[in-house]
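Presented below is the structure to which this report refers.
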Amino acid sequence: MEKIIVPIGFADIGERETKYVNEALKNKRLSYGPFTQKFEKLFAHAHGCKYALTSNSGTSALRVAIAALKEKYSWQDGDEVLVPAITFIATSNIVIMQNLKPVFVDVDPLTYNLDPSQLEKHLTSRTRAIIPVHLSGLPCDMEPIMQFAKKHNLRVVEDSCETMFATCDKKPVGSFGDIGCFSTYVAHILVTGVGGINTTNNEELAIMMRSLCNHGRDSIYMSIDDDDNLSGKELKTIMDARFKFVRLGYSFRITELEGALALGQFERKEQILAKRQENAKMLSEGLSDLQEFLQLPTVPKGRTHSFMFYPLVCKGGADREKLTLFLEEAGIETRHLLPLINQPIYIKLFGELEGKYPVAANLNKNAFYIGCHQHLGKKEIEHVVKTLHKFFKK
Ligand SMILES: Cc1ncc(COP(=O)(O)O)c(C=O)c1O
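Its first residue numbered 428, the sequence shown is counted upward by one per residue in the numbering used here.
Structure (structure tokens):
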């Protein structure tokens, strides 16, 4: 009998993406060009922002976001940034790498996103920013987070690496804070292999982040098109700026090949999202009688969910390790739900923290996720439902 495989993600490269990549190759244009520019424009618009800037990873997008804010607001080394205690490690690694201090905040037990009611107790005179993380496709509860930020004059960087096109009170992720950060890494919602995107409505920050991704180059010259059709004084200004560097920057650019993939994926985003949501719905219906053992995903009122993956939390004595082994043996891939504060490197850096973060500690022990992406069909979803019933003997 054929073994049914249910991976976490799938490289869903359609005909359109292949066509665009081939066009980019035929045009012999590999640096920042028309595919990437068009994608940036559409992506910004879809997220209610004036600017979207591509880079080579979600981590790079986060890194330049924090670097730009640190420069603009003259933060000092050792200043603090509030980060949820459940997230992918890059969210807080980049804070440390900017010589800032991540201060962890416990998460909500139902959504696994930063719990706004926990912010106050971690506020100090050195707190400068909050990084709410829209986990698994679900936006954070943004209104209280933005109110808290406003009250205490904090900047907000949304880590939306796992969430695209989703809304909270009809407003898209990436448009609440000063800057939004997205990822197009394998198994994310739009996939380009590697890739990141920053969104913002602030022109100064957009210029700074573009410069930071380009070695700290003078923002007058950002693309090989910038000197096209110019002459005289105008051309000379651009020529002088081509090799002028105004800050310490990184080499975080993508090629047109990722831009072409991104545009192709973007143009069929409705189909991608609809299938993910349909799969998540089928899973929730199929698993509804297992809720004494498994906590299913919640979608709070006023929010939409783009389901990068399908999170589950063991309860009522269900053993996550036995269960995930059972699932993997049945061809169903699993991942632990983004444990952070118990990572060996974080224990080394910050000591034992789980005692202060009871919700995160419970999730570190009991939470995991499985795939619900657009390449999974009814057969795979039914296999997941049946396997979970078999494990719980129901
Ligand atoms: C919440 C979160 N932040 C940041 C990242 C980093 O994105 P990338 O892998 O594109 O660097 C990820 C990646 O999976 C993520 O899930």
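Every residue gets a Cβ at the ideal spot worked out from N, C-alpha and C, and that includes glycine.
### Query
Should Val673 be listed as close to ligand 1, given that the test is whether its C-beta is under 6 Å from any heavy atom?
no
### Pairwise C-alpha distance: Pro559 and Ser501
Rounded to the nearest angstrom, the gap between the Cα atoms of Ser501 and Pro559 is 22 Å.
### Message
Less than 7 Å between the beta carbons of Leu690 and Phe466, yes or no?
### Response
Closer than 7 Å, so yes.
### Query
Going straight from the alpha carbon of Phe515 to that of Gln770, what length do you get?
11 Å
#### Entry: Rounded C-alpha distance that separates Tyr737 from Thr725
Rounded to the nearest angstrom, the two C-alpha atoms are 10 Å apart.
### Task
Any chance you could list the alpha helix (DSSP H) runs of at least 4 consecutive residues sitting entirely within the stretch 717-769, in chain order?
747-756
### Query
Taking Cβ to Cβ, would you say Arg695 is nearer than 7 Å to Gln801?
It is not a contact, given that the beta carbons lie outside the stated cut-off.
### Continuous alpha helix (DSSP H) assignments of at least 4 residues falling wholly in the stretch 437-487
Whole alpha helix (DSSP H) segments, 4+ residues: 442-454 and 461-473.
### Task
Tell me the start and end of each unbroken beta strand (DSSP E) in the stretch 554-634 that is at least 3 residues and wholly inside, in chain order.
554-557, 582-586, 606-610 and 623-627
### Query
What are the boundary residues of the alpha helix (DSSP H) that Ala668 is part of?
In this chain, the alpha helix (DSSP H) harbouring Ala668 covers Gly659 to Ala668.
### Task
Work out the CA separation of Gly485 and Glu444 for me, nearest whole Å.
Separation of Glu444 and Gly485 (C-alpha to C-alpha, rounded to the nearest whole angstrom) is 21 Å.
### Task
Have a look at the DSSP bridge pairing and note the partners of Asn641.
Ser678
### Task
Provide the residue span of the beta strand (DSSP E) that contains Tyr796, from first to last.
Ala794 to Ile797
### Task
Return the CA-CA distance between Leu688 and Lys708, expressed in angstroms with no decimal places.
Answer to the nearest angstrom: the Cα atoms are 28 Å apart.
### Query
Got a sec? Which residues, its chain only, sit under 6 Å from Ala794 by beta carbon, not counting five neighbours each side?
Scanning its chain for C-beta atoms nearer than 6 Å, with the 5 sequence neighbours on each side dropped, one finds around Ala794 the residues Val740 and Leu764, in chain order.
### Message
With a threshold of 7 Å between beta-carbons, can Lys728 be considered close to chain D, or not?
### Response
The structure shown contains no chain D; it holds only a single protein chain.
### Outcome for Ile572 when other beta-carbon atoms lying within 10 angstroms are tallied against a minimum of 16
With 16 or more Cβ atoms within 10 Å of its Cβ, Ile572 is classed as buried.
### Query
Got a sec, what are the start and stop residues for the alpha helix (DSSP H) Leu509 sits in?
Unbroken run through Leu509 is the beta strand (DSSP E), Glu507 to Pro511; no alpha helix (DSSP H).
### Message
Just to check my reading of the structure: Phe462 and Glu683 have Cβ atoms closer than 8 Å, yes? What is that Cβ distance to the nearest angstrom?
### Response
5 Å
### For Pro434, three-class secondary structure by DSSP
coil
### Query
Buried or exposed: which applies to Asn580, given that a residue is buried once 16 or more other Cβ atoms fall within 10 Å of its Cβ?
Asn580 is exposed by the Cβ-count criterion.
### Task
Look up Phe818 in the DSSP assignment and say whether it is helix, strand or coil.
It is helical.
#### Entry: Three-pair Cβ contact test at 8 Å for the stretch 541-549 versus the stretch 519-533
yes
### Message
With DSSP as the reference, identify every bridge partner of Pro529, one or two as the case may be.
### Response
Val508
### Message
Given 6 Å as the limit, tell me if Tyr796 has its C-beta closer than that to any heavy atom belonging to ligand 1.
### Response
no
### Task
Give me the Cβ distance between Gly475 and Lys598, rounded to the nearest whole Å; I'm assuming they're in contact under 8 Å.
6 Å
### Message
Measuring CB atoms only, is the stretch 598-614 touching the stretch 743-761, in the sense that at least three cross pairs come out at less than 8 Å?
### Response
no
### Message
Going by DSSP, what residue range makes up the alpha helix (DSSP H) through Gln704?
### Response
Lys696 to Gly713
### Message
I'd like to confirm something about Cys567: is its beta-carbon nearer than 6 Å to some heavy atom of ligand 1, or not?
### Response
no
### Query
Does DSSP classify Val786 as helix, strand or coil?
In this structure, DSSP gives Val786 a helical state, which the three-state scheme calls helix.
### Query
Would you call the CB atoms of Ala512 and Ile768 closer than 7 Å?
yes
### Query
Where Thr518 and Tyr539 are concerned, what is the direct C-alpha to C-alpha distance, given to the nearest angstrom?
15 Å
### Query
Hey, quick one: how far does the alpha helix (DSSP H) through Glu691 stretch, first residue to last?
According to the sequence shown, residue 691 is Gly rather than Glu. Counting along the chain, the alpha helix (DSSP H) containing Gly691 begins and ends at Glu683 to Phe693.
### Query
Under a Cβ-count criterion, where at least 16 other Cβ atoms within 10 Å of its own Cβ denotes burial, should Phe670 be classed as buried or exposed?
exposed
### Task
Whole angstroms is fine: what's the gap from Glu719's alpha carbon to His472's?
42 Å
### Message
So Leu489 and Ile521 are supposed to be a Cβ contact under 8 Å. How far apart are they, rounded?
### Response
5 Å
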